[in-house]
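Chemist: For what it's worth, our numbering labels the leading residue of the sequence shown as 135, then goes sequentially.
Glycine included, C-beta positions come from ideal geometry on N, C-alpha and C.
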Amino acid sequence: MAFRSRPAARGLRRGALAVLAASAALTLLASCASSEAESAEGGAEGADLGELTVQLSWIKNEEFSGEFFADSEGYYDEAGFSAVNLVPGPSTGAAELASGSADVALSDAVSIGAAVANEGAPLKIIGATFQKNPFTILSLKDGGDIATPDDLKGKKIGVQDSNASLFKALLAANGIDESELTIVPVQYDPAPLVNGEVDGFVAYLTNESITVAAQGLEVTNLPFADNGLPFVAETFGVTDQSIAENREALKAFLVAEIKGWTDAVNDPAEGARLAYEVYGKDLDLNPENSIAGATTQAEQLVVSDETAANGLFTISKSLQDETIASLAGAGIELKASDLFDLSLLAEVYEEHPELVKYAG
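1. For Ala426 and Leu339, what's the separation of their Cα atoms in angstroms?
2. For the stretch 232-240 and the stretch 189-202, state whether three or more C-beta atom pairs, one from each stretch, are separated by less than 8 Å.
3. Just to check my reading of the structure: Ala228 and Ala249 have Cβ atoms closer than 8 Å, yes? What is that Cβ distance to the nearest angstrom?
4. Tell me, please, which residues DSSP counts as bridged to Lys258.
5. Sorted by chain position, which residues of the same chain lie with C-beta nearer than 7 Å to Phe474's C-beta, five sequence neighbours on each side aside?
6. Measure the Cβ-Cβ separation of Pro326 and Gly292 and say whether it is below 8 Å.
7. Please state whether DSSP places Ala378 in a helix, a strand or coil.
8. Is Phe264 helix, strand or coil when you go by DSSP?
9. For Phe365, which option in Gln265, Leu478, Ala480 and Glu467 has the closest C-alpha, if you only look at C-alpha atoms?
10. In chain order, what residues of the same chain lie with their CB nearer than 7 Å to the CB of Glu175, ignoring the 5 residues before and after it?
11. Identify every run of the beta strand (DSSP E) within the stretch 188-238, keeping only runs that are complete inside it and at least 3 residues long; order them along the chain.
12. According to DSSP, simplified to helix, strand and coil, what is Leu351?
13. Would you mind sorting Ala398 into buried or exposed? The rule is 16 or more other CB atoms within 10 Å of its CB.
14. Below 8 Å, can you find three or more Cβ-Cβ pairs linking the stretch 350-367 to the stretch 311-318?
15. How about Leu190 and Leu231: do their beta carbons lie closer than 8 Å?
16. Go through its chain and collect everything with a Cβ distance to Ile495's Cβ below 8 Å, but skip five positions before and after it.
17. Nearest-angstrom Cα distance between Ala306 and Gly465?
18. Residue ranges of each alpha helix (DSSP H) run of no fewer than 4 residues wholly in the stretch 272-352, ordered along the chain?
19. What is the DSSP secondary structure of Ala155, reduced to helix, strand or coil?
20. Whether or not the stretch 206-213 and the stretch 378-397 are in contact is what I'm after, with contact meaning three or more pairs of Cβ atoms, one per stretch, closer than 8 Å; do they touch?
21. Applying the criterion that 16 or more other CB atoms from any shown protein chain within 10 Å of the CB defines a buried residue, is Gly247 buried or exposed?
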């Protein structure tokens with residue numbers, strides 16, 4: 135498999151998804167390998183699967199430490215891939231999947247769900263790195279101090295274009311009308327919050343929240359996941375055709391990813407180092423912030439009671455239902471079966487039960 139990147143905005147961006155409508159004749163993935171080349175255990179390890187391209191949702195920072203481990207420790211090689219290309223974002227991944235320029239996209243349920251519901255995109259989520267999404271309304275303790283949904287009222291909230299629908303879903307989930315606050319268009323740099331131009335700022339718990347606090351400012355967070363929008367994030371998105379034609383190759387990829395994220399959960403500091411010294415070396419990442427972000431995601435977002443019982447990336451029936459309810463709040467009407475296909479992951483754990491126990 136060979137992939138090419140195409141930039142798009144992080145988070146939900148209907149403009150980027152419009153590409154899907156113009157791509158009625160999709161150029162989909164070529165077959166990775168025939169089933170005859172697969173191992174007797176039902177996986178594709180040991181087979182020659184060629185190249186695989188993964189579209190990342192963001193820049194090459196600690197957010198993808200599991201992928202960095204999978205690459206640096208040779209797990210992708212063991213799975214049978216000659217190369218796995220990690221293409222940096224920002225991107226929702228939906229357009230790349232539709233055009234065939236990516237085999238797998240790390241995205242979120244809202245972005246993939248919007249593509250499926252609004253554009254009829256033949257996409258599915260086959261697993262989720264983050265059991266709990268990292269979106270938050272970030273504020274300063276001595277400023278907006280937004281600790282509850284009601285605290286949003288009367289405030290100026292910085293919202294990126296790509297996250298506008300998501301923010302409106304947060305308001306809807308908490309019975310708040312847009313007229314009760316002021317939405318201020320911003321980019322991803324939290325400077326408007328630090329400078330007092332806005333009272334709150336749509337951010338990531340593992341990113342902007344940490345970088346602002348690192349400036350010596352006391353912050354307050356209003357996590358989306360704890361306030362009406364518990365959807366999964368850093369999801370593995372693929373096309374329906376890929377599931378049908380390249381099933382064993384996708385399973386081999388999941389095996390490598392599970393091994394990589396097992397390492398990332400057990401050694402977040404090393405995952406962060408891979409980001410700031412190796413894969414994201416040219417980004418001038420702050421080591422302390424990277425370590426804090428990697429630790430937060432490892433301890434609070436990647437693992438849960440569900441993953442402890444059934445393995446990394448699994449999405450319980452209740453979490454699927456909660457995700458679908460979250461999407462409905464954003465005007466995205468789907469059934470769980472329209473969005474999720476977790477049968478590949480189930481087969482992976484049936485064939486490799488030792489991978490369930492990721493805790494060191």
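Modeler: So, to answer that:
1. Separation of Ala426 and Leu339 (C-alpha to C-alpha, rounded to the nearest whole angstrom) is 10 Å.
2. By the criterion of at least three beta-carbon pairs nearer than 8 Å, the stretch 232-240 is in contact with the stretch 189-202.
3. Sure, about 4 Å apart at Cβ, within 8 Å.
4. Beta bridge pairing from DSSP links Lys258 with Val372.
5. Annotation for Phe474: Lys258, Ile259, Ile449 and Gln454 place their beta carbon closer than 7 Å to its own, counting only its chain and skipping 5 residues before and after.
6. Going by C-beta atoms, Pro326 is nearer than 8 Å to Gly292.
7. Reduced to three states, the DSSP call for Ala378 is helix.
8. In the structure shown, Phe264 falls within a strand segment according to DSSP collapsed to helix, strand and coil.
9. The shortest Cα separation from Phe365 among Gln265, Leu478, Ala480 and Glu467 belongs to Gln265.
10. In this prediction, Glu175 has a pLDDT of 40, which is less than 50 and means its spatial position is unreliable; nothing more can be read from the coordinates.
11. With a minimum length of 3 residues, the continuous beta strand (DSSP E) runs that stay inside the stretch 188-238 are 215-221.
12. If DSSP states are grouped into helix, strand and coil, Leu351 belongs with coil.
13. With a 10 Å radius around the Cβ and a threshold of 16 neighbouring Cβ atoms, Ala398 comes out buried.
14. Note that the stretch 350-367 does not touch the stretch 311-318; fewer than 3 beta-carbon pairs, one per stretch, sit closer than 8 Å.
15. Cβ atoms of Leu190 and Leu231: not closer than 8 Å.
16. It is not possible to answer for residue 495, since the shown part of the chain is limited to 135 through 494.
17. Rounded to whole angstroms, Ala306 to Gly465 spans 10 Å at the Cα level.
18. With a minimum length of 4 residues, the continuous alpha helix (DSSP H) runs that stay inside the stretch 272-352 are 298-307, 325-328 and 342-347.
19. Unreliable positioning characterises Ala155 in this predicted model, as indicated by a pLDDT of 37, which lies under 50. A coordinate reading is not provided.
20. Counting Cβ pairs under 8 Å, three or more are found: they touch.
21. Around the beta carbon of Gly247, 16 or more other beta carbons lie within 10 angstroms, which makes this residue buried.
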